[in-house]
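Undergrad: Here's a structure for you.
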Amino acid sequence: MSALISLFLKLSAFSAIAFGGINALLPALYDLSVNQEHWLNTQTFADFFAIAQAAPGPNLMTVTLIGWHVGGIIGAVVASIAICWPSSIMVYFLQGYLNKLRNQITKQTIQFAASALAVGLVLGSAWDISQQINHSLAAFALTLLAIAVVILTRWHPLYLIVIGAILGLLGLI
Amino acid sequence: MSGFGGVLPWARRTVVEQERWLSSEEFNAMLGICQIVPGPNIVNLAVCIGSRFAGVPGALASVLGLMLGPSVIVILLGMLYEHYSYLPAVQGMLRGVSAVGVGLIAGTGLKMMRNEFSFPPMLLVVAITIIAAGYFQLNLGWVVLIASPLAIFLGWKKAKQI
């Protein structure tokens, strides 16, 4: 029970400071759950990330899996709710505020600024987390290949996931 | 449910590239709002879209719809993982998938960056944020605090120019 309460409080507090969305918060989530709370080890974290990537759905499923690892089904529910509620309430009110804003310049200023921050945070996080997750040159090469395919083609991400799984299965990564 | 590889690449692909419900600029702006608020941006996006159509019940319904199916699937996969994670084949597959997963995130980030070229000074904000978050690995709250004054200033310049 105390583990569940700790999970809820830590993840709620975490959600309230985790700027930049789940992709941007992966490094911070790693620090919290592996280094600080010892809920799981580096390998399990990387594997949960992979499972959340390979499965359909939002990649905040990494958090759901961590909750499940700590406290079973109830842990998964607790972790998912904890990571969602603070930001959901904030964005609900922020959206309402922005819709009421009459001044176009103010509105656009906020949107342009937020958009640039979002791009930087997503890229910075990808850089950071790639160093935790990739352990070989081949893995980095595969990451670069995935980047190139995303930029240059309109392939469905699932094809890339399948290619990654096959290359890994063959022991190449 | 069909958000393989995380919902962000999928969401951008469906909403912008295929259905063209939102322009690339509009998508970035909406996502940007959802990203300045801390927390999972896809959930925030669901709250934004849901509440626009049906207020609080709409927001709750779209978050629940987003989470329920994937949670069940991912926990089933987690159970399989507990039993078979010792297999080298499974470990290899997961290594391959996570390497691709990082690439999907980075690729989507780079695609989003294309819009910033319409006002090149803004790329400075992007660069500062990447270096602070990626290289110095600063706490996200600090990164936002450091980068937002310049972001707001340049955002204001950009808004006046357009």
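Residue numbers (this note's numbering), protein chains in the order written: chain A, 323 to 495; chain B, 146 to 307. Glycine is no exception: its CB is placed at the ideal position from the N, C-alpha and C atoms.
In or out: PHE149 of chain B buried (at least 16 other Cβ within 10 Å) or exposed?
TA: Only weak support exists for where PHE149 of chain B lies, its pLDDT of 45 falling under 50; the coordinates are left without a value.
Undergrad: Throw me the rounded Cβ distance for the MET257 of chain B and ALA440 of chain A pair, which I believe falls under 8 Å.
TA: That pair is a contact at about 7 Å.
Undergrad: Buried or exposed: which applies to GLY248 of chain B, given that a residue is buried once 16 or more other Cβ atoms fall within 10 Å of its Cβ?
TA: It counts as buried.
Undergrad: Excluding the 5 residues flanking VAL399 of chain A on each side, which residues of the same chain have their C-beta closer than 8 Å to its C-beta?
TA: GLY389.
Undergrad: Chain B partners of ARG424 of chain A, CB-CB under 7 Å?
TA: Result: empty, since nearest Cβ-Cβ is about 14 Å, beyond 7 Å.
Undergrad: Quick one: any contact between the region 459 to 467 of chain A and the region 203 to 217 of chain B, if contact means 3 or more CB pairs under 8 Å?
TA: Because the criterion of three Cβ pairs below 8 Å is not met, the region 459 to 467 of chain A and the region 203 to 217 of chain B do not touch.
Undergrad: Who are the near neighbours of ILE194 of chain B in its chain, counting only those whose CB is closer than 7 Å to its CB and skipping five residues on each side?
TA: Only SER207 meet the Cβ criterion.
Undergrad: Skipping 5 residues on each side, what residues in its chain have a beta carbon closer than 6 Å to that of PRO266 of chain B?
TA: Here the set comprises LEU299.
Undergrad: Scan the region 162 to 216 of chain B and note each continuous alpha helix (DSSP H) run of 4 residues or more that stays entirely inside, going in chain order.
TA: The region 162 to 216 of chain B contains these whole alpha helix (DSSP H) runs: 169 to 181.
Undergrad: Under 9 Å Cβ-Cβ, which residues of chain A neighbour TYR206 of chain B?
TA: The sequence given here has Ala at residue 206 of chain B, not Tyr. Under the 9 Å cutoff, chain A gives no residues; its nearest Cβ is about 13 Å from ALA206 of chain B.
Undergrad: Where ILE291 of chain B and ALA368 of chain A are concerned, what is the direct C-alpha to C-alpha distance, given to the nearest angstrom?
TA: Going by the C-alpha atoms only, they are around 29 Å apart.
Undergrad: Tell whether a beta-carbon distance below 8 Å holds between ASN186 of chain B and ILE455 of chain A.
TA: Not a contact, by the Cβ cut-off of 8 Å.
Undergrad: Suppose only complete runs of 3+ residues qualify. What are the beta strand (DSSP E) ranges in the region 218 to 298 of chain B, listed by chain order?
TA: Within the region 218 to 298 of chain B, no complete beta strand (DSSP E) run reaches 3 residues.
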